[in-house]
Amino acid sequence: MSVTDLAAEPMPAGLEPESIEGRSPWRLAWSRLVRDRVAIASLIVILLMVAAALAAPLFAALTGHSPTDQYRETGLTDQGIPVGPGAEFWLGTDSLGRDLFVRTVYGARISLLVGVVATLLATFAGVVIGLVAGYFGGIVDTILARAIDVVLSFPYLIFAMALVSVIGPSLVMTTLVIAFFSWASIARIVRGQTLAIKEKEYIEAARSLGASPMRIMFVDVLPNLVAPVIVLATLLVPTAIVFEATLSWLGLGVDVRIPSWGAMLAESQSFFRVAWWYLIFPAGALLLTTLAFNLLGDGVRDALDPRSERLFATRRKGKP
Amino acid sequence: MTPSERSRTVRTAVAITTAAVLVAGLAACGGGGGGGDGDEGPPRRGGTLKLVGAGDIDHMDPVSAYYTATGFLERAWTRQLFTYPASTDRNKAIQPTPDIATELPTRQNGGISADGKTYTIKLRDGVMWGTQQPREIVAEDFVRTFKRMANPVQPVGAPGYFASTLEGWQEYFDRYVKAFDEKNANAKEPTAKNLAAFQNDNDIEGVQAKDDKTLVFKLRNPATDFVNILATTFTTPSPVEYDRYVPDSAEFKQNTVSSGPYKITKYTAGKEIVLGRNTAWRQNTDPVRNAWVDQIQVTQGQDSDAAVQQQLESGSADLSWDLPVPTSSIPQLQSANDPNLGVYGGGISNPYLVFNYRSPNAGKAMSKLKVRQAINLAIDKVALGKVYGGSSLNTPLHNAIPPGNVGYKPINLYPTKGNQGDVNRCRQLLREAGYPNGLKLNAAYRNSGNHPRIAQSYAQDLKECGIQVTLSPVRQGDYYGTYLADARNATEGKWDITAPGWIPDWFGNNGRTVLQPLFDSGSCPPAGVNYGCYQSDRVDDLMDQALTAKSEDEAAGLWAQADRQIMEDAAIVPFQDQKTPLYHSSRVKNAIFLPHLNAYFDPTHVWLDGG
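Taken in order, these protein sequences are the chains called A and B.
Under the numbering used here, the first residue of the first sequence is numbered 46, with each subsequent residue one higher.
Under the numbering used here, the first residue of the second sequence is numbered 2, with each subsequent residue one higher.
In structure tokens:
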């Protein structure tokens, strides 16, 4: 899925070796990343998750259970209690007699899809707004910077709940809400960086040669921001996944029948005392995925700039 | 009742039934097992009975309060003319018994006139108000209550009961509303002073205090359930002090006057309610209540039923305030033979599927008999029962009237094998109705408790029959009062099917609180709780006859006929007759279930063992 592309893609782009000895910054970063065993392990976990999500219909065919069908006779006791892991239901069933394994695998689709798409949207919006604010300065900057502050200081969960309950929950809605509350942190970093970069001599040079602001922003400034943006985006994915899970947990996510980790966790609440599998598997999948993205994000940051700790330390603390 | 009167009488019924029905969410859970009140030694006086739960009471003013949770507290701090006794024998527990009244009125003792339209009720001596200087409760205090019911600020929870029975109550209500209606040129401000002045200057024809100890009620028609109506907590007497406050205002809530063994000593909205002893109460004047515990304390703000259950099991709390025993805990408790679990009640159709006759969707599919019948055949009632704890708590139901209520006569017009639904016959009926390729319907469900699972369960049944259901969540708090009460949601087809619940206000002779609110053609939203707006002249007629029938037996036959007609028209899909599992901490003794409150023990009979 595109998440992994995001982390890995720029590498081949920067690969072109200029000489035998010379190694581009991208290449250096890559070699540092490869040496980071935690990051590589995370990458493998993410790739496995993506593969599982893509192969979800295969698992459904293999078990013979669709993610939404309720097996009331075999998947529930007479008293309506989920049945545990076994031959028919590998990871047990949920409170309606649905196959928990198939649902967890399908849940990965929602989580990754929402997580990645929301991150892409937020990154795009954040970069554009940050660039424009930083480059133009003045009144434009004042307005945009204040907008960023406003979004950052929003009680986002309450607002998201209100929004979703007015418009009604859906996949698109959930993704947009998450993107809306995520772009500002990227925009703020990009704006700050742009402010610094635009004072550089080569920008002065470009300007004196008559380059348009568009060209300067996207050709001269943007490439210098790629590294921090990649790191931010990688770290934004797990936040978005958790955000989606939270909305689903509150019953504000996608259609109640479609499996999503957050919704499954919510459903398991009053059952976990008698059906541990109901809580453990969706929670484990969620934990594993977000942890992998976080660790990968850390690894990418270290690889791109070994001295970048100070730059990102404050931002990470500030994340909701 | 004539149709026009009918629509008036249920005008404010929205609020009422909202409350009555909201309770269904509470009662909705499953389980099974023993739980009894056997030899527990001599009662012990003292201690604090601790309840934990989620929300607040609906109203403090007994005239408007309607939640069963509120009714539980009212059992402790208020008294009525009649009430229901604490008895483990269900048949006794649903029969009204004298409380402040000296005896049940009959034709023999002169309490009911020969034409059945005048009730004369004598008040017991020595029943005191818990005021600074205790004074006796007099007939005028009851008259004040019936007047306060009509106040336009926070009127009685169930106006229909009084408007349809008491001579002149509806007219009084209309006059009262008009006098304070802002659109009216010389309308008055609804201040406490003005409201009291109106009440003291205007009388209700059908409610008179003959002397301090004698109340006379004049009825419009004979009503065999009038004593049941007088046993609702709405009729709690009102002391003259209540004239100082706007009904159910913040001031009122801090200044309630008790007639029962306890009084409200602390009320913090949404947080805590504490009841302490009312020293003016005398055991020898109260044939119904005891008062073993010293205090009753309700702590709110606890949303998880599993967390509450854990507290009860560990003993840090005694009873659940408004959350059910989690379905998932029941098998465990049952297999461990936990003596603190009990299964009670029954006679409740909860939830049931209602069809929105007014929906324009899918070529007005919901107004087509065959589509409704097809859905009746599709539903797997065993699967729905599993959501509420399985067959030991839930019996598949095929009537609009659940067993244990007047007029119940078992029928099953849409039988399926094992009550698990019949996809083929459903498909066939859909084809006959002109939907060979199925159809699409909208369903609204409450997004809390067991409701999302109920919705997904019937949605799967319908999917197998070729009906695609779009499920829209509605907040529990908005469901009855805002969503279903708004007729536009029905006429615009926001929902085609939905599963509300209903708990009758009393059992036994109770057609007035079972069929009539749900199926009377004048009771469509926004006026009432006939959510699907089912309209049948025959059913209306049968119900009117039943309400004015001379005897309970005659009424029963008429209710049964109405029930059959409703099911022939497939106005709803009844799911199950539901029992209520209740749990209490191990130190709670003598826990006696009160059927009319459905999910509560009698707080005045409970005593606490040990420290």
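C-beta atoms are modelled at their ideal positions from N, C-alpha and C, and glycine is treated no differently.
Worksheet item: Would you call the CB atoms of A/Ala272 and A/Arg77 closer than 8 Å?
Response: no
Discussion item. On the DSSP bridge list, what partners appear for B/Trp608?
Written reply: B/Lys590
Worksheet item: Based on Cα-Cα distance, which residue from B/Leu220, B/Val294, B/Ala55, B/Leu313 lies nearest to B/Ser165?
Response: B/Leu220
Discussion item. Counting only Cβ pairs nearer than 9 Å, list the residues of chain A close to B/Asp249.
Written reply: Going along chain A, no residue has its Cβ under 9 Å from B/Asp249, so there is no contact; the nearest lies around 28 Å.
Item to complete: Count the other C-beta atoms from every protein chain shown that fall within 10 angstroms of the C-beta of B/Cys30, then say buried if there are 16 or more, exposed otherwise.
Response: Because the pLDDT at B/Cys30 is just 35, under 50, the model does not fix this residue reliably, and the point stays unresolved.
Worksheet item: Per DSSP, B/Leu300 is paired with what?
Response: Checking the displayed sequence, the identity of residue 300 of chain B turns out to be Thr instead of Leu. DSSP, once it has assigned bridges, lists B/Val53, B/Glu273 as partnering B/Thr300.
Practice prompt. Could you confirm whether any beta carbon from chain B is found closer than 8 Å to the beta carbon of A/Arg117?
Written response: yes
Discussion item. I'd like to know if A/Asp123 contacts chain B, where contact means its C-beta is closer than 8 Å to some C-beta of that chain.
Written reply: yes
Fill in: Close Cβ partners of B/Val22 (< 8 Å) along its chain, the five nearest in sequence each way excluded
Interpretation of B/Val22 is limited by its pLDDT of 40, a score under 50 that renders its predicted location unreliable; no figure is taken from the coordinates.
Practice prompt. Using a cut-off of 8 Å between C-beta atoms, extract the partners of A/Val319 located in chain B.
Written response: Going along chain B in sequence order, the residues near A/Val319 (Cβ under 8 Å) are Ser329, Ser330, Pro332, Gln333.
Worksheet item: Hey, how far is the Cα of B/Gln155 from the Cα of B/Ala561?
Response: 35 Å
Practice prompt. Could you tell me if B/Pro596 is buried or exposed, where buried requires 16 or more neighbouring beta carbons within 10 angstroms of its beta carbon?
Written response: buried
Fill in: B/His452 (DSSP reduced to helix, strand or coil)
helix
Worksheet item: Alpha carbon to alpha carbon, how far is B/Asn236 from B/Pro63?
Response: Here residue 236 of chain B turns out to be Thr, not Asn, going by the sequence shown. Using only the alpha carbons, I get a separation of about 8 Å.
Practice prompt. Starting from B/Asn472, find everything on chain A with Cβ-Cβ shorter than 8 Å and list it in chain order.
Written response: For clarity, residue 472 of chain B is Leu in the given sequence; the question names Asn instead. The answer, in chain order, is Asp300, Val301, Arg302.
Worksheet item: Distance, Cα to Cα, A/Ile303 vs A/Thr187?
Response: 43 Å
Worksheet entry | Proximity test, B/Thr84 beta-carbon vs the ligand ATP heavy atom, cut-off 7 Å | Only the bare structure without any ligand can be found here, which leaves the ligand ATP out of the picture.
Discussion item. What ranges does the alpha helix (DSSP H) occupy inside the region 303-370 of chain B, keeping only unbroken runs of at least 4 residues that lie completely in it?
Written reply: 306-315, 330-336, 362-365
Practice prompt. Just the C-alpha distance for B/Thr192 and B/Asp100, rounded to the nearest angstrom, thanks.
Written response: If you draw a straight line from the Cα of B/Thr192 to the Cα of B/Asp100, it is about 33 Å long.
Worksheet item: Nearest-angstrom Cα distance between B/Thr103 and B/Val139?
Response: 13 Å
Worksheet item: Between B/Gln133 and B/Asp249, what straight-line distance do the alpha-carbon atoms span, to the nearest angstrom?
Response: Spanning the alpha carbons of B/Gln133 and B/Asp249 requires a straight line of approximately 21 Å.
Practice prompt. For B/Gln461, decide whether its Cβ has a neighbour in chain A, counting only Cβ atoms nearer than 8 Å.
Written response: yes
Worksheet item: How is B/Ala102 classed by DSSP in three states: helix, strand or coil?
Response: strand
Practice prompt. Report yes or no: is there a C-beta of chain B within less than 8 Å of the C-beta of A/Arg148?
Written response: no
Worksheet entry | Cβ-based burial, A/Glu289 [other Cβ within 10 Å; buried from 16] | buried
Worksheet entry | Integer Cβ distance of A/Ala330 from A/Gly152, believed to fall under 8 Å | With a contact defined as Cβ atoms closer than 8 Å, A/Ala330 and A/Gly152 qualify at about 7 Å.
Discussion item. Under 8 Å, Cβ to Cβ, is there at least one residue of chain A near B/Ala384?
Written reply: Output row for B/Ala384: interface = yes.
Discussion item. Within 8 Å of any Cβ in chain A, is that where the Cβ of B/Asp381 sits?
Written reply: yes
Worksheet item: Which residues share a DSSP beta bridge with B/Pro113?
Response: Residue identity check: residue 113 of chain B is Ile in the sequence provided, not Pro. Answer is B/Tyr120.
Discussion item. To the nearest angstrom, how far is the alpha carbon of B/Ala366 from that of B/Ser360?
Written reply: 8 Å
Discussion item. So if DSSP puts A/Ile126 in a beta bridge, which residue, or which two residues, is it bridged to?
Written reply: Answer is none; A/Ile126 lacks a bridge partner.
Item to complete: Determine the chain B residues that contact A/Gln238 at a beta-carbon separation under 7 Å, and present them in chain order.
Response: Simply none; closest approach about 42 Å.
Worksheet entry | Candidates B/Leu82, B/Asp90, B/Gly117, B/Tyr409: closest to B/Val128 by CA position | B/Leu82
Worksheet entry | A/Ala84: first and last residue of the uninterrupted alpha helix (DSSP H) it sits in | 82-99
Practice prompt. Go through its chain and collect everything with a Cβ distance to B/Ala25's Cβ below 7 Å, but skip five positions before and after it.
Written response: Since pLDDT at B/Ala25 reaches only 38, below the 50 mark, its modelled position is unreliable, and the value read off the structure follows with that caveat. Exclusion of the five residues before and after B/Ala25 leaves Asn351, Pro352, Gly502, Trp503, Ile504 as the residues of its chain whose Cβ lies within less than 7 Å of its Cβ.
Fill in: Cβ pair B/Ser260, B/Gly439 closer than 8 Å
no
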